[in-house]
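Engineer: Attaching a single structure in structure tokens format; questions to follow.
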Amino acid sequence: MKNYSEIITLKNLFILFVFIFTSCENSKFSPFDVDVDVPYIQNLKLSDHIIDTDTIRYNNQFSIEDTIIINNQMIVNVRNNGSDQIKSVIFSVTRETDNTIIENGLLSYRRTFIENGINYNEYTGSTNFLIQRKVVGIFTVRVVAIDKDGNNSNVLFASFEIIRSGKPPVIYDLSAPDTVYLPSSGQKVILITIKATDPNNDIKEVYFRSLDSSDPNRKFFLYDNGNISVNGDSTANDGIYSILISLPYNMTPKAYRFEFEAKDYTELLSNKILHTLNVIK
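Using this note's numbering, you'd call the opening residue of the sequence shown number 2 and step up by one each time.
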């Protein structure tokens with residue numbers, strides 16, 4: 002037969018067990034492992050893995066200093082007990098070079114579907130951040146879901162690259178006289194034309210410099226505007242750029258070197274064509 006002290010000890014242990022069990026049941030914390038139905042996300046997809054900012058126009062023009070909007074559609078599937086259990090699906094965008102977060106946002110519930118007997122909720126959204134056209138590099142999208150109990154899902158990542166594939170203009174088929182005889186009075190007008198093209202269709206200017214003049218950096222602009230009386234250009238937007246040059250009778254007769262070049266709106270320069278004009282009295 003158990004003595005009195007043993008009975009008291011067993012009684013105290015029983016009370017302690019009941020206290021622990023009751024406390025755990027009334028609390029969200031437990032000393033035991035409990036299965037929690039947390040969200041699970043999968044199949045994060047981006048609409049674009051490469052974005053070429055040289056294909057994005059701003060006010061129908063190009064400039065290296067343009068600030069442009071980067072839109073990249075995304076979609077992710079969330080496995081849970083229904084869309085009403087998900088509080089939010091959050092995304093962020095970071096730049097790889099310095100891990101700077103440049104955008105935070107929410108994805109929107111789109112639909113529910115069943116795949117292999119499992120319910121999925123589809124969420125969609127888009128990046129919508131501003132960068133300068135000259136910025137390039139790798140950007141990473143991070144997505145996580147949170148349910149109404151505050152449980153976080155696993156985290157998914159997807160990356161995309163922003164590039165500039167702009168190519169410079171090309172000039173060719175220069176038409177200019179090699180030799181000009183100055184008149185005894187008045188002036189001699191000559192027509193110079195050159196063809197210019199650009200893969201991105203963003204030619205900003207076509208010009209030449211007179212390398213042997215007092216200001217060899219000055220630009221003389223050729224135009225493709227159809228203004229034949231002012232520029233000598235007969236047809237607008239045909240890729241042929243024209244200029245009329247007046248040579249006064251009293252100018253210094255000598256050889257003048259003209260250097261032709263074109264520039265686009267992203268500051269890319271074309272090839273150069275050097276032409277010598279011999280002015281004779």
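Ideal Cβ placement from N, Cα and C applies to all residues, glycine included.
Straight-line CA distance for A256 to N279?
Structural biologist: Within the sequence shown, the letter at position 255 stands for residue 256. Within the sequence shown, the letter at position 278 stands for residue 279. So the alpha carbons of these two residues sit roughly 4 Å apart.
Engineer: Based on Cα-Cα distance, which residue from I229, P169, S211 lies nearest to N201?
Structural biologist: On the sequence shown, residue 201 is found 200 positions in, with the first residue counted as 1. Ranking I229, P169, S211 by Cα distance to N201 puts P169 first.
Engineer: To which residues of the same chain is R111 closer than 6 Å at the C-beta, ignoring the five residues directly before and after it?
Structural biologist: For the purposes of this step, residue 111 is taken as residue 110 along the sequence shown, with counting starting at 1. Result list for R111: E123, T125, in chain order.
Engineer: If you follow the beta strand (DSSP E) that E206 is in, where does it begin and where does it stop?
Structural biologist: Locating residue 206 in the sequence shown gives position 205, counting from the first residue. Taken as a continuous stretch (DSSP letters only), the beta strand (DSSP E) holding E206 covers 204-211.
Engineer: Could you tell me which residues DSSP puts in a beta bridge with M75?
Structural biologist: Counted from its first residue, the sequence shown places residue 75 at position 74. Paired residue(s): L47, G126.
Engineer: Can you tell me whether DSSP reads T236 as helix, strand or coil?
Structural biologist: Mapped onto the sequence shown, residue 236 falls at position 235. Three-state result, T236: coil.
Engineer: Between Q133 and K282, what straight-line distance do the alpha-carbon atoms span, to the nearest angstrom?
Structural biologist: Here residue 133 refers to the residue found at position 132 when the sequence shown is read from its first residue. Here residue 282 refers to the residue found at position 281 when the sequence shown is read from its first residue. Computed Cα separation, rounded: 53 Å.
Engineer: Can you find at least 3 beta carbon pairs, one from the stretch 234-252 and one from the stretch 46-61, that sit closer than 8 Å?
Structural biologist: no
Engineer: Can you tell me whether F209 is buried or exposed, with buried defined as 16 or more other CB within 10 angstroms of its CB?
Structural biologist: Along the sequence shown, read from residue 1 onward, the residue named residue 209 stands at position 208. Result: buried.
Engineer: Is it true that the stretch 191-206 meets the stretch 259-266, where meeting means three or more beta-carbon pairs spaced less than 8 Å apart?
Structural biologist: yes
Engineer: If the criterion is Cβ atoms closer than 9 Å, does the pair F161 and I103 meet it?
Structural biologist: As a working mapping, residue 161 is identified with position 160 in the sequence shown. As a working mapping, residue 103 is identified with position 102 in the sequence shown. Not a contact, by the Cβ cut-off of 9 Å.
Engineer: Could you tell me which residues DSSP pairs with Q188 in its beta bridges?
Structural biologist: Taking the sequence shown and counting its residues from 1, the one referred to as residue 188 is at position 187. In the DSSP output, where bridge partners are listed per residue, Q188 has P249.
Engineer: Buried or exposed: where does Y182 fall if 16 or more other Cβ atoms within 10 Å of its Cβ makes it buried?
Structural biologist: Residue mapping note: residue 182 aligns to position 181 of the sequence shown, counting from 1. Its Cβ having fewer than 16 others within 10 Å, Y182 is exposed.
Engineer: Using C-beta distances below 7 Å, list every residue in its chain close to I65, excluding the 5 sequence neighbours before and after it, in chain order.
Structural biologist: Locating residue 65 in the sequence shown gives position 64, counting from the first residue. Hits under 7 Å: R134, K135, T267, E268.
Engineer: Rounding to the nearest angstrom, what Cα-Cα distance links D148 and F158 in this structure?
Structural biologist: Working through the sequence shown from its first residue, we reach residue 148 at position 147. Working through the sequence shown from its first residue, we reach residue 158 at position 157. Taking the straight line joining both Cα atoms gives about 19 Å.
Engineer: Candidates D174, I87, N238: which alpha carbon is nearest D38's?
Structural biologist: For this step, residue 38 is matched to residue 37 along the sequence shown. The residue with the shortest Cα to Cα distance from D38 is I87.
Engineer: Below 9 Å between beta carbons: does that hold for E260 and L212?
Structural biologist: Translated into the one-based positions of the sequence shown, residue 260 becomes position 259. Translated into the one-based positions of the sequence shown, residue 212 becomes position 211. Yes, Cβ-Cβ distance for E260 and L212 is below 9 Å.
Engineer: Counting along the chain, where does the beta strand (DSSP E) carrying D265 start and finish?
Structural biologist: On the sequence shown, position 264 is the one that residue 265 refers to. 256-265 is the span of the beta strand (DSSP E), which, as asked, contains D265.
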